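Enquirer: Quick one: this structure, given as structure tokens, is what I'll be asking you about.
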Amino acid sequence: MGFIETRTPDTAPSAPQHTPDCFKPIPRPDLTYTPEVAAEMAPMYDRVKNVITPMEWPHYAPLIKAINDVKKQRNAVILAHNYMTPEIFHGVGDIVGDSLQLAKEAAVAEADVIVQAGVHFMAETSKLLNPDKTVLIPDMKAGCSLAASVTAEDVRMLREAYPGVPIVTYVNTSAAVKAECDICCTSSNAVKVVESLGAPRVLLIPDEYLAKYVQTQTDVEIIAWKGRCEVHERFTGEELEAFRAADPAVKIIAHPECPPDVIETADFTGSTAAMIDWVKTNRPPKVVLVTECSMSSNVAAETPDVEFVRPCNLCPHMKRISLENILDALLEMKHEVTVDPDVAVRARRAVERMVNLTN
Ligand code: 13P
Ligand code: SF4
1 MGFIETRTPD TAPSAPQHTP DCFKPIPRPD LTYTPEVAAE MAPMYDRVKN VITPMEWPHY
61 APLIKAINDV KKQRNAVILA HNYMTPEIFH GVGDIVGDSL QLAKEAAVAE ADVIVQAGVH
121 FMAETSKLLN PDKTVLIPDM KAGCSLAASV TAEDVRMLRE AYPGVPIVTY VNTSAAVKAE
181 CDICCTSSNA VKVVESLGAP RVLLIPDEYL AKYVQTQTDV EIIAWKGRCE VHERFTGEEL
241 EAFRAADPAV KIIAHPECPP DVIETADFTG STAAMIDWVK TNRPPKVVLV TECSMSSNVA
301 AETPDVEFVR PCNLCPHMKR ISLENILDAL LEMKHEVTVD PDVAVRARRA VERMVNLTN
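Number 166 in the numbering used here belongs to position 166 of the sequence shown; there are no gaps in the numbering.
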């Protein structure tokens, strides 16, 4: 597997372009935890009581109720990534899942407004697949170290350096980068996408570790970029071996953004959705999900029989999203995510090629 080391500065997200009629003002709801709110929200608390304490619930319940009410008034849908905290994931997410599931659902969303409870590249992907809908992200600063590691100019440089070699971009990139690439992939379909190209050599950018993992699964020669996920790169094989030494029966399930020594230690490697499926199907007595910390809480809410060992690495970008800023986003119709139309046409092609391949 080869590497390219050069990179240039990042691009900024594009500015909002229009103000549709559906931006009508909605008065700010009362967020008091009344006995009526407690009674209405009790069935929901029953579903999350393993992971949200009785002390926290009086704060969350009125916010969750308000968001779900305003969502109806706006004809909005909330796409929540598996790394959202449980009060978001279980409380207000209409569609939850990994990057591929969210991209596919975005493509068929019936709502007027999409609120992305996730990071900026996910909101851009939703906008690419829904150019006529209003896409909001509760915090514009919710970025991603992988998306920040490569620019459109870098990809143009790669085209010159590797003429004729197809370029696959991980979905964790800006629309500007996707526009320069042949096809998109996610952690759940990267091997399939690479092999679909029928080429002996493929550039797979920007995640060095995902590229290394894909190289172990295919005979296609993979050329990688030097981007890394700042959350997954912190895990080590040594720390996981220590968990196994403490309890040899523990199962270790890793995301492919982890370093190779972590993946070698793992019993299973897959996307966040594949990791969740593995736990729900196999029901191990004890498991370590080697990925962003909140996902363990989201799965624990539904699998009380499984004990989760938690080396708690949080994604600072995902954690910018909260119930408070989701409510603000819906009330004030902010922050709108837009993509330059010329970029969008080409970036959409790369995403649609992937979606069509995996449908
Ligand atoms: P998934 O596509 O597996 O959900 O991964 C997205 C991500 O950002 C992982 O860090
Ligand atoms: Fe990006 Fe890593 Fe955060 Fe996922 S967990 S959004 S790859 S920084």
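By construction, the Cβ of each residue, glycine as well, lies at the ideal position given by its N, Cα and C atoms. Given the structure is predicted, the values throughout are model-derived calculations rather than measurements.
Regarding ASP342 and the ligand 13P, is the C-beta to nearest heavy atom distance less than 6 Å?
Expert: Checking every heavy atom of the ligand 13P against the Cβ of ASP342, none is found closer than 6 Å.
Enquirer: Under the assumption that ALA347 contacts LEU197 (Cβ atoms under 8 Å), give the Cβ distance between them as a whole number of angstroms.
Expert: Contact flag wrong, Cβ pair sits at about 18 Å.
Enquirer: Can you tell which of ILE263, LYS141 and ASP46 has its C-alpha closest to the C-alpha of THR216?
Expert: Of the candidates ILE263, LYS141 and ASP46, the one whose C-alpha sits nearest the C-alpha of THR216 is ILE263.
Enquirer: If you run the structure through DSSP and keep just helix, strand and coil, what is THR281?
Expert: THR281 falls in the helix class under three-state DSSP.
Enquirer: Helix, strand or coil, according to DSSP, for VAL355 in the structure here?
Expert: VAL355: helix per DSSP, three-state reduction.
Enquirer: Which parts of the stretch 70 to 131 are runs of the beta strand (DSSP E), unbroken and 3 residues or longer, counting only runs that do not cross its ends?
Expert: If we require 3 residues or more, the beta strand (DSSP E) runs fully inside the stretch 70 to 131 come out as 76 to 81, 95 to 97 and 113 to 117.
Enquirer: If we ignore side chains and look at the alpha-carbon of each, how far apart do ILE167 and ILE26 end up?
Expert: The straight-line gap from Cα to Cα measures roughly 45 Å.
Enquirer: Mind checking MET275: buried by the 16 CB within 10 Å criterion, or exposed?
Expert: Flag for MET275 reads buried.
Enquirer: Give me the Cβ distance between ASP247 and LYS286, rounded to the nearest whole Å; I'm assuming they're in contact under 8 Å.
Expert: About 6 Å separates the two Cβ atoms, so the contact holds.
Enquirer: Please report the straight-line C-alpha distance between ALA350 and ILE183, rounded to a whole angstrom.
Expert: Approximately 4 Å between the Cα atoms of the pair.
Enquirer: Taking a contact to mean a Cβ-Cβ separation below 7 Å, would you say PRO304 touches ASN82 in this structure?
Expert: Cβ atoms of PRO304 and ASN82: not closer than 7 Å.
Enquirer: Measuring from the CB of SER294, is there a heavy atom of the ligand SF4 at a distance below 6 Å?
Expert: Answer for SER294: no, Cβ out of range of the ligand SF4.
Enquirer: Rounded to the nearest angstrom, what separates VAL48 and PRO86 at their Cα positions?
Expert: So the alpha carbons of these two residues sit roughly 8 Å apart.
Enquirer: Looking at the strands, I want to know which residues DSSP matches up with LEU203.
Expert: Beta-bridge pairing links LEU203 to ILE167 and ILE223.
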